[in-house]
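Participant:
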Ligand SMILES: Cc1ncc(C[n+]2csc(CCOP(=O)(O)OP(=O)(O)O)c2C)c(N)n1
């Protein structure tokens, strides 16, 4: 029998998240309002860089950004002046096409700057089309091929245990990505190896490349499925910063079992004509659309 | 099975090397339910805390290796050569592209694997991994050289793929001559100036046998064990193709894309000397004894002898 040591309910920990004084587990310990402001700035920069390069993936960047801000702004233990610090927490962006979200957060933490992200997708830029650890400081994985990130995270989690390190390994995947068989290999293996330092966030925006997930190949009740593989799972509104912070703290603290957060999100969140619109998975806004987006976000 | 009672299988060399490498606490072993076959099982028995069993799930294993390597560990992941291929794109995008120091061993390579039949006989692994930037590709001849080359793999600056063999073959190396082995440098096993036989894996001992037969005909054949298929020892190639002015290649692998192809690519850019290739000629294997299979595929010692005569006649 497995001990259900950790509350499934994120609400139990939320009071602590919001009110607590600086904790060693919350290096940035930002408040909800600050986080929401940061997320808004990130959204603006996501649109800016994609508009500038006239290519990239706005939909999945905008759906993921609140979770990413919530993570970096609270528990993710990194050293912004030394992004390669060996004992940092890892953030593995498996849905690597949502790279603008990552570049926007690295900009917020001063690891890259506006000049860097405005060169997104151009020759020689450190901001490659898909996030790549070989090109960008602060990026922990070379992504682009869906389905691989959780396996990589599992390797990082083994290494952390061998090093007797407290570092946590966070992995974000898309819901379309859960159609990849390799992801379930990793979910099964993480249970067997009791990888409590491994944390999975599923960006459940209901849209993949061609169309809605429900039309391409519905993935069903992910919470139940992942839970049946032995994980602790909670489900939240992935755009509600309070819920996000609560769930992140819950997952951060749970160290017995691998922990998963299913974040129900809206693809393209924040830009009216992109919201829940499959055609903005991998399409840049034109000039007119860009101005509408900027108005809506400011 | 008519395997020689003397000799060694390269998979045993790999297993021995893992035990020796264990001294370095960063070395970890990954398995996909074939540790008894690839011989990582010995490491597992002695160092269970550093051995990760990932089940029959090769794609996951490749990225777990990458994650470990990115965190400073030295992962040694093995399964059958053929099943590493299921994770080809994982190796490509997850290991080779970010140039992570993860080392993959595919055992039971080639048709030499025998009676398991074509599904287990990888005849294309060297070809597919050779196309990946950053990868070092190694295929040792026997247990002694496999052990020595595995010891060196961990010092590489990037990832590697090593193909080992299930069955025992006559040894081409001894405890003394193994010291001359170096990744990226071909090993001259026999001097000669009429033809150079460049070979790898189980074809090395056959090539030496062929050279002995040729000597009786007054033909001096040099034999080079080109255990490192990539990076190819081009300097040595140039030297010996100039000296002998004709080449035979021999490998237990498809003639499309393997050692012979690598040498032909170089030869076509440089010295252009006649060349004959021994290998699997664009077909799958089947069940049978290794030697029977080599016979029906024209890959015996006698076939190497014939290829040498033909290559010489084309000078
Ligand atoms: C293995 C693989 N197959 C296909 C693709 C092409 N591709 C890029 S994004 C995408 C859809 C991803 O959908 P989802 O995981 O739901 O991400 P999100 O909606 O959050 O952007 C596809 C099919 C890929 N990158 N990798």
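Protein chains in written order, with the working numbering: chain U, 63 to 360; chain A, 5 to 319.
Just so it is clear, CB atoms sit at the ideal spot from N, CA and C, and this is done for glycine as well.
Output, in chain order, the set of chain A residues within a Cβ distance shorter than 9 Å of residue 196/U.
Facilitator: 101, 102, 103, listed in chain order.
Participant: Return helix, strand or coil for residue 126/A, following the three-state DSSP convention.
Facilitator: In the structure shown, residue 126/A sits in a strand (DSSP, three-state: E or B).
Participant: Would you mind telling me which residues of chain U sit closer than 8 Å to residue 22/A, beta carbon to beta carbon, in chain order?
Facilitator: None at all; the shortest Cβ gap to chain U is about 16 Å.
Participant: DSSP three-state label for residue 232/U, please.
Facilitator: If DSSP states are grouped into helix, strand and coil, residue 232/U belongs with the strands.
Participant: Buried or exposed for residue 76/A, going by 16 or more other Cβ atoms inside 10 Å?
Facilitator: So residue 76/A ends up on the exposed side.
Participant: What is the residue span of the beta strand (DSSP E) that residue 232/A lies within?
Facilitator: Element bounds for residue 232/A: 232-234.
Participant: Just checking my contact of residue 155/A with residue 21/A at CB under 8 Å: how many whole Å lie between their CB atoms?
Facilitator: The Cβ separation is near 5 Å, so the contact holds.
Participant: Please list the partners that residue 93/A has in chain U, where partner means a Cβ-to-Cβ separation under 8 Å.
Facilitator: Simply 207.
Participant: With 7 Å set as the bound, which would you pick, yes or no: does the beta-carbon of residue 190/U sit closer than that to a beta-carbon of chain A?
Facilitator: Closer than 7 Å: no.
Participant: By the DSSP assignment, the alpha helix (DSSP H) with residue 120/U in it spans what residues?
Facilitator: Residues 120-135.
Participant: If we count Cβ pairs, one from each stretch, closer than 8 Å, do we get three or more for the segment 230-242 of chain U versus the segment 253-260 of chain U?
Facilitator: The segment 230-242 of chain U is in contact with the segment 253-260 of chain U.
Participant: Please list the terminal residues of the continuous alpha helix (DSSP H) segment that includes residue 169/U.
Facilitator: It spans 161-170 - the alpha helix (DSSP H) in which residue 169/U sits, taken as one unbroken run.
Participant: At a Cβ threshold of 7 Å, is residue 58/A touching chain U?
Facilitator: Judged by the 7 Å Cβ criterion, residue 58/A is in contact with chain U.
Participant: Scan the segment 243-259 of chain U for residues whose Cβ lies nearer than 8 Å to a Cβ of chain A and list them as they occur along the chain.
Facilitator: Hits within the stretch, in order: 243, 244, 247, 248, 250, 251, 254, 255.
Participant: 7 Å is my cut-off, CB to CB: does residue 312/A come that close to chain U?
Facilitator: So no, residue 312/A is outside the interface.
Participant: How would you label residue 349/U, buried or exposed, when you count the other beta carbons within 10 angstroms and need 16 or more for buried?
Facilitator: It counts as exposed.
Participant: At a cut-off of 6 Å, would you count residue 207/U as near ligand 2, judging by its Cβ distance to the nearest heavy atom?
Facilitator: Ligands present in the displayed structure are limited to ligand 1, and ligand 2 is not among them.
Participant: Chain A beta carbons: is any one of them nearer than 7 Å to that of residue 200/U?
Facilitator: Residue 200/U does not count as touching chain A.
Participant: Would you mind giving the Cβ-Cβ distance between residue 113/A and residue 175/A, rounded to the nearest angstrom? I have them listed as a contact below 8 Å.
Facilitator: The Cβ separation is near 18 Å, so there is no contact.
Participant: Rounded C-beta distance between residue 132/U and residue 310/U? I'm assuming under 8 Å.
Facilitator: Contact holds; Cβ gap of about 5 Å.
Participant: Is the separation between the beta-carbon of residue 96/A and that of residue 234/A shorter than 7 Å?
Facilitator: No. Outside cutoff.
Participant: Would you mind sorting residue 159/A into buried or exposed? The rule is 16 or more other CB atoms within 10 Å of its CB.
Facilitator: Answer is exposed; the Cβ neighbour count stays below 16.
Participant: When DSSP labels each residue in this structure, what does residue 266/U get in the three-state scheme?
Facilitator: Here residue 266/U sits in strand by DSSP.
Participant: Does the separation of the CB atoms of residue 172/A and residue 70/A fall below 7 Å?
Facilitator: Cβ atoms of residue 172/A and residue 70/A: not closer than 7 Å.
Participant: Does the CB of residue 71/A have a neighbour CB from chain U at under 7 Å?
Facilitator: Yes, residue 71/A lies at the interface with chain U (some Cβ there is under 7 Å from its Cβ).
Participant: For the alpha helix (DSSP H) holding residue 217/A, just list the boundary residues, first then last.
Facilitator: Note, residue 217/A: alpha helix (DSSP H), 207-220.
Participant: Please determine whether the Cβ atom of residue 257/A lies at a distance below 6 Å from any heavy atom of ligand 1.
Facilitator: It does not: the Cβ of residue 257/A is nowhere closer than 6 Å to a heavy atom of ligand 1.
Participant: By Cβ distance, which residues of its chain are closer than 6 Å to residue 367/U, with the 5 residues on each side in sequence left out?
Facilitator: The question about residue 367/U has no answer here: the residues shown for chain U are numbered 63 through 360.
Participant: Quick check: what's the CA-CA separation for residue 206/U versus residue 152/A?
Facilitator: Taking the straight line from one Cα to the other gives about 36 Å.
Participant: Assuming residue 51/A is part of the alpha helix (DSSP H), what are its boundary residues?
Facilitator: Here residue 51/A belongs to no alpha helix (DSSP H), and DSSP marks it neither H nor E.
Participant: Could you tell me if the beta carbon of residue 237/U falls within a distance shorter than 6 Å of some heavy atom in ligand 1?
Facilitator: Yes - ligand 1 has a heavy atom lying nearer than 6 Å to the Cβ of residue 237/U.
Participant: Any heavy atom of ligand 1 closer than 6 Å to the CB of residue 270/U?
Facilitator: Yes, the beta carbon of residue 270/U sits closer than 6 Å to at least one heavy atom of ligand 1.
Participant: Do residue 282/U and residue 275/U come within 7 Å of each other at the CB atom, strictly closer than that value?
Facilitator: No, they are not a contact pair.
Participant: Contact check, residue 227/A vs residue 116/A under 8 Å by CB: the rounded distance?
Facilitator: So it is not a contact: roughly 19 Å between Cβ atoms.
Participant: Enumerate, from N- to C-terminal direction, the unbroken alpha helix (DSSP H) stretches of 4 or more residues contained entirely within the segment 112-165 of chain A.
Facilitator: Segments of the alpha helix (DSSP H) lying fully in the segment 112-165 of chain A: 129-134, 147-157.
Participant: Just checking: is the beta-carbon of residue 370/U within a distance shorter than 7 Å of some beta-carbon in chain A?
Facilitator: Within the shown structure, residues of chain U are numbered from 63 to 360, placing residue 370/U beyond reach of any answer.
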